[in-house]
Amino acid sequence: MPEFAKKAILHGAALTVVTVAAAVAVGLAGRQSEGEIGSASRPVDADFTTSGPWDARLLVDGEDTCGATIIGPRWMITAARCVRHPGAEIDVVFDSEDQATVASVREHPSADLALVRLDQDVAGPYAPLGAERPLAGGRVRTYGWSMSCEGDEAECKADLQAASSTLVTAESCGSGATICVDRDEGCASEDDFGRPLFAPGPDGRWYLIGLSGDCVPSPAYADLTRYRDWIKQITDI
1 MPEFAKKAIL
11 HGAALTVVTV
21 AAAVAVGLAG
31 RQSEGEIGSA
41 SRPVDADFTT
51 SGPWDARLLV
61 DGEDTCGATI
71 IGPRWMITAA
81 RCVRHPGAEI
91 DVVFDSEDQA
101 TVASVREHPS
111 ADLALVRLDQ
121 DVAGPYAPLG
131 AERPLAGGRV
141 RTYGWSMSCE
151 GDEAECKADL
161 QAASSTLVTA
171 ESCGSGATIC
181 VDRDEGCASE
191 DDFGRPLFAP
201 GPDGRWYLIG
211 LSGDCVPSPA
221 YADLTRYRDW
231 IKQITDI
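This is the structure:
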């Protein structure tokens, strides 16, 4: 696969991007080949357990740090803590040859959420946003990245991994603004902030409902259904 990165350099509030050859290979099989390119309404369903064409990685000063999810032609969503690195060099890595510039970053005033806007369209499919918080006991799916190395560090690559789990009650989570899942049934890497959480909707399609934050005492995700109006106000998605 072509190995390209979109390199974003963050200096305070200023953010610019150039395209460079990536030092990290990402395992996002079939991003360009799945479904109609640019189809924002395409659900994440049949290939859900084997690939994540809507997924991206944030590298801070070359270190694999956070996940991000493509929700529309020009928009990604991630954890706000992932873009709070004044003076740091941030790489946004996709499995595509698209070139783009990060036009702006919008942080939520109170939640650990950030919307990243590109200056031109990025090929889909995109992760559809859920509208309702699932009930406790419902099944969910989370994605995270794992580094695997052969020989020396030069042979390292990032592999996308999926884990199934179930939702726990809000009382067990400690906050109505977060969604918690059963720790025993799978937890992505604790430093992989911004990784997505999906749940099936009434129509059987899988929808993005959360973004990961902490993993103690249970894996906790920002409840995106709670911030749906904020996302729509900024992105019109």
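Its first residue numbered 1, the sequence shown is counted upward by one per residue in full-length UniProt numbering. The C-beta atom is built at its ideal place from N, Cα and C for all residues, glycine as well.
Legend entry - Local conformation of S225 per DSSP, three classes: According to the sequence displayed, residue 225 carries Thr and not Ser. Residue state, collapsed to three classes: coil.
Legend entry - Cβ-based burial, A79 [other Cβ within 10 Å; buried from 16]: Label assigned to A79: buried.
Inset, instruction - Find out if the Cβ-Cβ distance for the pair V105, L58 is shorter than 8 Å. - result: With respect to L58, V105 sits apart: the two C-beta atoms are not nearer than 8 Å.
Legend entry - Through-space distance from A136 to P73, alpha-carbon basis: The straight-line gap from Cα to Cα measures roughly 32 Å.
Inset, instruction - With DSSP collapsed to three states, give me the class of D47. - result: Because D47 sits at a pLDDT of 34, beneath the cut-off of 50, its placement in the model cannot be relied upon, and the following sentence gives the value as read from the coordinates. Note: D47 maps to coil in three-state DSSP.
Legend entry - Boundaries (first-last residue) of the beta strand (DSSP E) holding A199: For A199, the enclosing beta strand (DSSP E) covers residues 196-200.
Legend entry - Short Cβ contact (8 Å threshold) for T142 with S110: No. Outside cutoff.
Inset, instruction - Return the residue from the list D55, T169, W75, V60 that minimises the CA-CA distance to P86. - result: Answer by Cα proximity: V60.
Legend entry - Distance, V181 Cα to A162 Cα: Using only the alpha carbons, I get a separation of about 14 Å.
Legend entry - Inter-residue CB distance, L224 and P128 (contact presumed, cutoff 8 Å): Contact between L224 and P128 is absent: CB atoms are separated by about 11 Å, not below the 8 Å threshold.
Legend entry - Three-state class that DSSP yields for R139 in the structure shown: DSSP places R139 in strand when its eight states are reduced to three.
Inset, instruction - Pick helix, strand or coil for Q120, following the three-state DSSP scheme. - result: When DSSP states are grouped into helix, strand and coil, Q120 belongs to the coil group.
Inset, instruction - Classify R84 as buried or exposed, calling it buried when 16 or more other Cβ atoms lie within 10 Å of its own Cβ. - result: Exposed is the call here.
Legend entry - Under the three-state DSSP convention, the category Q177 falls into: Before going on, a small fix: residue 177 reads as Ala here, not Gln. Coil.
Inset, instruction - For A68, count neighbouring C-beta atoms within 10 Å of its own C-beta (all shown protein chains included) and say buried if the count is 16 or more, exposed if not. - result: Around the C-beta of A68, 16 or more other C-beta atoms lie within 10 Å, and the residue is accordingly described as buried.
Legend entry - A56 classed as buried or exposed, judged by whether at least 16 other C-beta atoms fall within 10 angstroms: Classification of A56: buried, given that the 10 Å Cβ count is 16 or more.
Inset, instruction - Could you please give the first and the last residue of the uninterrupted beta strand (DSSP E) stretch that includes F193? - result: For F193, no beta strand (DSSP E) run applies, since DSSP gives it neither H nor E.
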